[in-house]
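Student: Handing you this structure, nothing more for now.
Protein chains: 2
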Amino acid sequence: MEKYKKLLKENGLKITPKRFAIISYFLKNNKYFTPYEIWKFMKKKFKKIGLPTIYRNLEQFEKIGILTRVEGEENRFYYGICKKTNKKHHHHIICTSCHKISDFEICNFGQLKKQVEEITEFDIKEHHLFLKGICQNCKKGV
Amino acid sequence: MEKYKKLLKENGLKITPKRFAIISYFLKNNKYFTPYEIWKFMKKKFKKIGLPTIYRNLEQFEKIGILTRVEGEENRFYYGICKKTNKKHHHHIICTSCHKISDFEICNFGQLKKQVEEITEFDIKEHHLFLKGICQNCKKGV
DNA sequence: TTTTAAATGAAAATCATTTTCATTTATAAA
DNA sequence: TTTATAAATGAAAATGATTTTCATTTAAAA
């Protein structure tokens, strides 16, 4: 958790037990959740905890790269842990079965970019690769 | 519009003037819009037109591949025309300046897939590449 | 034509998300 | 340690996009 303490501090966010609890929950599960789901969990640990606090924190965590927002089922936004934390170029993959989320650094878009720019006549500024699949545990039927 | 007439029919959707007006508007502009923006346009052409009708049609059009849904600014969902219409594998690129949307077919993810599967231990079922950039008109300052 | 299922408008409901504001708390300063 | 201050929070209410309901209209099959 030292890493996260440092990250919060670097970004001018105060270190609070609730923030650590949220981060720990994501780290422990490696799954993506809705703000509401996080709230349900947090209510078990803290007698006073409001849903807006969850929304506010998830948004801040995404901004500093601790979390990534994924568009899950039915038009809802979910958040999942991001181990790469803004530092390096990376993409995400989710398991459609158990909602596990992982990130990885390899990427070959650079080799395609020029061609796409020629075909579309756009100057490409960002690319986002998003993968869906089945994780190892789900493959094994866990 | 014959293409779209056929598509609607194939998918069991009735052919109505309002549906054509919506599709034409997307075809003419090549930009992505919110349901509300489509509604504002449609109100000029039809004295009776409800916002739920817009929502219902955009959702159906996306389902049959006429439109694609993009996550635009500020947590809203936008819709843009998709010329490839579900037939071929393709990806989308948007202009962050004028909201133009285009699709293209070239893709090199196949070459990366195996490596990502090894690293992440996922079986990859879908990949989505989403690009943002500046279109030709905006580059020229139009 | 007639029939039938889909499409629609209007109004209301839903529900995720955000805002407001008074209070609490982490942390920097003294 | 104590104090000061800005950030974080809870509670309640507001917002606003999206969906539902249901009676009516309309496209298209019979």
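Respectively, the protein sequence lines represent chains A and B. Count along the first sequence starting at 1, add 922, and that's the number in our numbering. Count along the second sequence starting at 1, add 922, and that's the number in our numbering. Think of the CB as a built atom: it goes at the ideal place given N, C-alpha and C, for glycine as much as any other residue.
Quick check on the DSSP output: the alpha helix (DSSP H) that includes S946(A) runs from which residue to which?
Tutor: 939-951
Student: Examine chain A for any beta-carbon lying closer than 7 Å to the beta-carbon of H1014(B), and answer yes or no.
Tutor: no
Student: I960(B) CB to nearest chain A CB: under 7 Å?
Tutor: no
Student: Distance check for Q1033(B) and D1045(B), CA to CA, integer angstroms please.
Tutor: 15 Å
Student: Should G1055(A) be labelled buried (16 or more other beta-carbon atoms within 10 Å of its own) or exposed?
Tutor: buried
Student: On the three-pair Cβ rule with 8 Å, is the region 956-973 of chain B touching the region 1023-1032 of chain B?
Tutor: no
Student: Which term fits T938(A), buried or exposed, when burial requires 16 or more other beta carbons within 10 angstroms of its beta carbon?
Tutor: So T938(A) counts as exposed.
Student: Mind pulling the chain B residues with CB within less than 9 Å of I1003(A)?
Tutor: Simply none; closest approach about 14 Å.
Student: What's the C-alpha gap between E932(A) and H1014(A)?
Tutor: 24 Å
Student: With a threshold of 7 Å between beta-carbons, can H1051(B) be considered close to chain A, or not?
Tutor: Sequence check: residue 1051(B) is Leu here, not His. So yes, L1051(B) belongs to the interface.
Student: Can you find a CB in chain A that lies within less than 7 Å of the CB of Q1037(B)?
Tutor: Yes, Q1037(B) counts as interfacial toward chain A.
Student: One question on the structure: do L949(A) and I1023(A) come within less than 7 Å of each other, judged by their Cβ atoms?
Tutor: no
Student: Which residues, in order along the region 1022-1035 of chain A, keep a beta-carbon less than 8 Å from a beta-carbon of chain B?
Tutor: Residues S1024, F1026, I1028, C1029, N1030, F1031, Q1033, L1034.
Student: Which residues mark the beginning and the end of the alpha helix (DSSP H) in which Y977(B) is found?
Tutor: 973-985
Student: How is Y954(A) classed by DSSP in three states: helix, strand or coil?
Tutor: coil
Student: Please classify N979(B) as buried or exposed, where buried requires at least 16 neighbouring CB atoms within 10 angstroms.
Tutor: buried
Student: Identify the residues that DSSP records as bridge partners of K1019(B): which are they?
Tutor: One detail in the question is off: residue 1019(B) reads as Ser in this sequence, not Lys. Checking the DSSP bridge columns, you'll see S1019(B) has no partner listed.
Student: Out of L989(A), E1040(A), K1009(A), K985(A), state which residue places its alpha-carbon closest to the alpha-carbon of K934(A).
Tutor: Position check: residue 934(A) holds Gly in this sequence, whereas Lys was assumed. That would be K985(A), whose Cα lies nearest to the Cα of G934(A).
Student: I'd like to know whether the C-beta of I1046(A) is nearer than 7 Å to at least one C-beta of chain B.
Tutor: True, the Cβ-Cβ gap to chain B drops below 7 Å.
Student: So the beta strand (DSSP E) I1028(A) belongs to, where does it begin and stop?
Tutor: Looking at the DSSP string, I1028(A) is not in any beta strand (DSSP E), and its letter there is neither H nor E.
Student: Determine the closest residue to F968(A) out of Y977(A), Q982(A), A943(A), T990(A), with distance taken between C-alpha atoms.
Tutor: Comparing Cα positions, the closest option is A943(A).
Student: So which residues of chain B does C1057(A) contact, with C-beta pairs closer than 9 Å?
Tutor: T1042, E1043, F1044, D1045
Student: For a cutoff of 7 Å on Cβ pairs, would you count I1054(A) as touching chain B?
Tutor: The sequence given here places Lys at residue 1054(A); Ile does not occur at that position. Yes - at least one Cβ of chain B is within 7 Å of the one on K1054(A).
Student: Please list, in chain order, all residues of the same chain as K927(A) whose beta carbon is under 7 Å from its beta carbon, the five residues on each side excluded.
Tutor: I937
Student: For V963(A), does the three-state DSSP call read helix, strand or coil?
Tutor: As written in the sequence, residue 963(A) is Phe, which differs from the Val given in the question. In the structure shown, F963(A) sits in a helix (DSSP, three-state: H, G or I).
Student: Is the beta carbon of F1031(A) less than 7 Å from the beta carbon of H1011(A)?
Tutor: no
Student: So who's on the other strand from H1011(A), going by DSSP bridges?
Tutor: Partner(s): none; H1011(A) has no beta bridge.
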